[in-house]
Amino acid sequence: MAPFAGFEMPIQYQGIVAEHQACRTSAALFDVSHMGRLRFDGEGAEELLDHLLTRRVVGMPIGAVKYALMCNEEGGVLDDVLVSHLQTPSGSQYHLLVVNASNREKITRWIMPHLADFPKVTMSDRTALTAMIAIQGPRAVDVTSRLFRAKVDSLKRYRAVITDQFQKPVIVSRTGYTGEDGFELIVRAEEAKQVWENVMLAGRAAGFCAAGLGARDTLRLEAAMPLYGHELTEQIDPISAGLGFACNLEGRSFIGSQAIGKIASDGPSRVRIGLLPEGKRPVREGCPVLDDRGEKVGWVTSGAPSPTLGMPIAMAMVNASIGATKADWQASELQIDNRGNLQPATITQLPFYQPKEPKRSE
Amino acid sequence: MARKPSNLLYASSHEWADVEEVGGDKIATIGISAFAIEQLTDLVYMDLPKAGKKVVAGEEFGEVESVKAVSPLYSPVTGEVVSVHADLPNQLDDLKEDPYEFGWIIKVKLSDESCLSKLMDHAAYEKQCSEAG
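Read top to bottom, the protein sequences are chains A and B. Going by the numbering used here, the first sequence opens with residue 1, and the numbers climb by one from there. Going by the numbering used here, the second sequence opens with residue 363, and the numbers climb by one from there.
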């Protein structure tokens, strides 16, 4: 167990590699209750969020979920989030923002002054009242769908619904942070244990296992998903981070849109790339990346041995001149300064791991 | 004859030493304990010194990396490396299976035996591990 953002978090249960492989071949359960959950009610909630986020929130249909960034005026990333538009069984509608645990306080402080411009909107922090469980893997959907009242196996990717599991209300979202198909559940905190056990029991024969933060990190790295504090910081803009797809710049303005628009049209000064370091030795966050003349051109943002590929993998932020195109990459052999040892590395297309198509349930 | 964990000396940093008399010299075979390997889990890389290198008790002589983290290897003894288990980094799964026999890492010719008095016996080491719980 390790302290993280005020929570005691499991790094691993039975071992990072075993948990990682369970997620890739069957399914793994993650307690992700540390993620911040902020609920927005009242008229104007979608306009408020539309002003704060890089994705268009106005007009999101009920059940839609979007990955978005919250930026400052300079285009620096304050956080990456999931925004959902939900409707309760009694018919009331609200928006839910899931933010990083380490950024929750910063984000609520950031939003507070903007709330004043939308007098009918209320923001409530649901983090302590609820728990969040991720079920991720190729068997996640077909094994667990029957536990829920709604037909959640027909939910599309990035869709969510409020339903219940044996009378316990639960938000089921077809999202995740592993590169696999699966669900993320939000339940009342006091019912979390029962919901977790129900899922575990349903998945026992299929080989479900509990997974900790360690496997979560290697899984998301193989899927080339950014982690705040690594690929994303207030000094990195969404375009450099390779997240242009998460910025709706056409016909709208939001905080940071001018700066991001300019970077998008001028081209970023840095780019996020994937690296395959030679040999077995993993490279780690912070290692300098050098070009063939030994000049520093960037740094490793995340690095680990890939359990799926059986070799080290890394993501790095490097000068844009290094490589937007594959032709550039072949011309430039990079090296990583791995604590004093120079380790050659080849640039590779992201992600390192491609999720298979979601399995149809029988 | 198999090396018995109960006959070895241990550093608080989880390395073991098996000290034998060979032709008038004291030679310590060094490895890491089963407890440490279990805590590290999923070893992926090991960086070892070359024969001839001088090592000092309590100072780093190599590195072992798991999926999650890099951990230094500290020498439990002072002396000169006379032999290195060079194949070990390619057989880290076997190290996990057999940390005391197959999993030896280096052999060191002691230059100063006083370092041995700072090491724990098996009972004291087991107590440390159970307290780390």
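Glycine is no exception: its CB is placed at the ideal position from the N, C-alpha and C atoms. This one's a predicted model, so the numbers in the text were calculated from it and none came from an experiment.
query: Would you call the CB atoms of ILE135 of chain A and THR144 of chain A closer than 7 Å?
result: Mapped onto the first sequence, residue 135 of chain A falls at position 135. Mapped onto the first sequence, residue 144 of chain A falls at position 144. Going by C-beta atoms, ILE135 of chain A is nearer than 7 Å to THR144 of chain A.
- prompt: Can you name the residues of chain A whose CB is closer than 8 Å to the CB of VAL407 of chain B?
  reply: Position 45 of the second sequence, counted from the first residue, corresponds to residue 407 of chain B. It should be noted that the sequence gives Tyr, not Val, for residue 407 of chain B. Chain A residues near TYR407 of chain B: LYS280, ARG281, PRO282 and PRO305.
query: Out of curiosity, what's the CA-to-CA distance linking MET132 of chain A and VAL161 of chain A?
result: Your numbering for residue 132 of chain A matches position 132 in the first sequence. Your numbering for residue 161 of chain A matches position 161 in the first sequence. Distance between the alpha carbons of MET132 of chain A and VAL161 of chain A: 15 Å.
message: Assuming contact is defined by CB atoms lying nearer than 7 Å, are VAL81 of chain A and LEU97 of chain A in contact in what I supplied?
response: By 1-based counting over the first sequence, the position of residue 81 of chain A is 81. By 1-based counting over the first sequence, the position of residue 97 of chain A is 97. Result yes, Cβ atoms of VAL81 of chain A and LEU97 of chain A sit closer than 7 Å.
- request: In angstroms with no decimal places, state the Cα-to-Cα distance between ASP456 of chain B and PHE4 of chain A.
  value: As a first step, residue 456 of chain B is located in the second sequence; it is residue number 94 there, counting from the start. As a first step, residue 4 of chain A is located in the first sequence; it is residue number 4 there, counting from the start. If you take the alpha carbons of ASP456 of chain B and PHE4 of chain A, they lie about 34 Å apart.
message: According to DSSP, is LEU74 of chain A part of a helix, a strand, or is it coil?
response: Start at 1 with the first residue of the first sequence, and residue 74 of chain A comes out as number 74. Note on residue identity: the sequence assigns Glu, not Leu, to residue 74 of chain A. Of the three classes helix, strand and coil, the one that applies to GLU74 of chain A here is coil, per DSSP.
task: Could you check if VAL17 of chain A is buried or exposed, using at least 16 other CB atoms within 10 Å of its CB as the buried criterion?
output: Locating residue 17 of chain A in the first sequence gives position 17, counting from the first residue. VAL17 of chain A comes out buried.
message: Taking only three categories from DSSP, how would you classify SER492 of chain B?
response: Looking up residue 492 of chain B in the second sequence gives position 130. Note: SER492 of chain B maps to helix in three-state DSSP.
- prompt: Just reading off the beta strand (DSSP E) that VAL152 of chain A is part of, what are its end residues?
  reply: Taking the first residue of the first sequence as 1, we reach residue 152 of chain A at position 152. No beta strand (DSSP E) holds VAL152 of chain A; DSSP gives it neither H nor E.
message: Excluding the 5 residues flanking VAL496 of chain B on each side, which residues of the same chain have their C-beta closer than 7 Å to its C-beta?
response: No answer is possible for residue 496 of chain B: it lies beyond the span of chain B, which begins at 363 and ends at 495.
- prompt: If you check the beta carbons only, do ILE347 of chain A and PRO277 of chain A fall under 7 Å apart?
  reply: Locating residue 347 of chain A in the first sequence gives position 347, counting from the first residue. Locating residue 277 of chain A in the first sequence gives position 277, counting from the first residue. Taking 7 Å as the Cβ cut-off, ILE347 of chain A and PRO277 of chain A do not qualify as a contacting pair.
- prompt: Could you check where the alpha helix (DSSP H) with MET35 of chain A kicks off and where it finishes?
  reply: Here residue 35 of chain A is taken as the residue at index 35 of the first sequence, counted from 1. Unbroken run through MET35 of chain A: none, as it is neither H nor E.
- prompt: According to DSSP, is THR163 of chain A helix, strand or coil?
  reply: Within the first sequence, the letter at position 163 stands for residue 163 of chain A. In the structure shown, THR163 of chain A sits in a strand (DSSP, three-state: E or B).
field: contact_flag[the region 203 to 215 of chain A, the region 296 to 303 of chain A] where n(CB pairs < 8 Å) is 3 or more
entry: no
field: GLU184 of chain A to GLU421 of chain B span [Cα, whole Å]
entry: Taking the first residue of the first sequence as 1, we reach residue 184 of chain A at position 184. Taking the first residue of the second sequence as 1, we reach residue 421 of chain B at position 59. Using only the alpha carbons, I get a separation of about 46 Å.
query: Taking just the CA atoms, how far does ASN248 of chain A sit from TYR177 of chain A?
result: On the first sequence, position 177 is the one that residue 177 of chain A refers to. On the first sequence, position 248 is the one that residue 248 of chain A refers to. Cα-Cα distance, rounded: 22 Å.
field: Span of the alpha helix (DSSP H), counted from its first residue to its last, around GLN12 of chain A
entry: As a first step, residue 12 of chain A is located in the first sequence; it is residue number 12 there, counting from the start. It is not in any alpha helix (DSSP H) - GLN12 of chain A carries neither H nor E in the DSSP assignment.
- request: Please check the pair ALA27 of chain A and ALA140 of chain A, which I expect to be a contact at CB under 8 Å, by giving their CB distance rounded to whole angstroms.
  value: Taking the first sequence and counting its residues from 1, the one referred to as residue 27 of chain A is at position 27. Taking the first sequence and counting its residues from 1, the one referred to as residue 140 of chain A is at position 140. Yes, they are in contact, since the Cβ atoms of ALA27 of chain A and ALA140 of chain A sit about 4 Å apart, within 8 Å.
task: Could you check the C-alpha separation between VAL289 of chain A and VAL318 of chain A for me, to the nearest Å?
output: Translated into positions along the first sequence, residue 289 of chain A becomes position 289. Translated into positions along the first sequence, residue 318 of chain A becomes position 318. Cα to Cα, the separation comes out at about 8 Å.
- prompt: Nearest chain A C-beta to ASP404 of chain B closer than 7 Å, yes or no?
  reply: Walking along the second sequence from the start, residue 404 of chain B turns up at place 42. Interface residue, yes.
field: Complete beta strand (DSSP E) runs within the region 250 to 299 of chain A (minimum length 3 residues, chain order)
entry: 270 to 277 and 288 to 290
query: Touch check for the region 103 to 111 of chain A and the region 180 to 198 of chain A: three-plus C-beta pairs under 8 Å?
result: no
- prompt: Taking C-alpha atoms, which residue in A:VAL172, A:ARG220 and A:PHE166 lies nearest to GLN194 of chain A?
  reply: To locate residue 194 of chain A, count along the first sequence from 1; it is residue 194. Comparing Cα positions, the closest option is A:PHE166.
- prompt: Shortest alpha-carbon distance to PRO113 of chain A belongs to which of A:ILE313, A:LYS156 and A:LEU48?
  reply: Position 113 of the first sequence, counted from the start, is the residue given in the question as residue 113 of chain A. Considering only alpha carbons, the answer is A:LEU48.
- prompt: Where does ARG37 of chain A land, buried or exposed, given buried means 16+ other C-beta within 10 angstroms?
  reply: Mapped onto the first sequence, residue 37 of chain A falls at position 37. ARG37 of chain A should be labelled buried.
- request: Could you tell me which of A:GLY137, A:ASP153, A:ALA64 and A:ARG159 sits nearest to ALA206 of chain A, measuring between CA atoms?
  value: In the first sequence, the residue the question calls residue 206 of chain A occupies position 206. It is A:GLY137 whose Cα lies nearest to the Cα of ALA206 of chain A.
message: Quick check on PHE183 of chain A: does DSSP put it in helix, strand or coil?
response: In the first sequence, the residue the question calls residue 183 of chain A occupies position 183. Correct three-state label for PHE183 of chain A: strand.
- prompt: Where does GLU362 of chain A land, buried or exposed, given buried means 16+ other C-beta within 10 angstroms?
  reply: Numbered from 1 along the first sequence, position 362 holds the residue referred to as residue 362 of chain A. Any reading at GLU362 of chain A needs caution, since the residue's pLDDT is 38, under 50, leaving its predicted position unreliable; the model's value is listed next. Exposed: under 16 other Cβ atoms inside 10 Å.
Alpha-carbon to alpha-carbon, ASP41 of chain A and LEU129 of chain A: Within the first sequence, residue 129 of chain A is the residue found at index 129, counting from 1. Within the first sequence, residue 41 of chain A is the residue found at index 41, counting from 1. Using only the alpha carbons, I get a separation of about 17 Å.
- prompt: At what residue ranges does the region 366 to 432 of chain B contain a whole run of the alpha helix (DSSP H), taking only runs of 4 or more?
  reply: 396 to 402
- prompt: Could you check where the beta strand (DSSP E) with ALA372 of chain A kicks off and where it finishes?
  reply: Nothing in the structure corresponds to residue 372 of chain A, since chain A is present only between 1 and 362.
Chain A residues whose Cβ lies nearer than 9 Å to that of GLU488 of chain B: Within the second sequence, the letter at position 126 stands for residue 488 of chain B. Correct list: empty, because the minimum Cβ distance to chain A is about 22 Å.
message: Let me check understanding here. Comparing Cα to Cα, which of A:TYR67, A:GLY267 and A:PRO268 lies closest to ARG159 of chain A?
response: On the first sequence, position 159 is the one that residue 159 of chain A refers to. Of the listed residues, the one whose Cα sits closest to ARG159 of chain A is A:TYR67.
query: When the Cα atoms are used, what is the spatial distance from PHE464 of chain B to LEU29 of chain A?
result: Position 102 of the second sequence, counted from the first residue, corresponds to residue 464 of chain B. Position 29 of the first sequence, counted from the first residue, corresponds to residue 29 of chain A. For PHE464 of chain B and LEU29 of chain A, the distance between alpha carbons rounds to 36 Å.
message: Taking the alpha-carbon of GLY44 of chain A as reference, which of A:MET9, A:GLN87, A:HIS34 and A:PRO119 has the nearest alpha-carbon?
response: Position 44 of the first sequence, counted from the first residue, corresponds to residue 44 of chain A. The shortest C-alpha separation from GLY44 of chain A is found at A:PRO119.
- request: Spell out whether any CB of chain B is found under 7 Å from the CB atom of VAL17 of chain A.
  value: Taking the first residue of the first sequence as 1, we reach residue 17 of chain A at position 17. So yes, VAL17 of chain A belongs to the interface.
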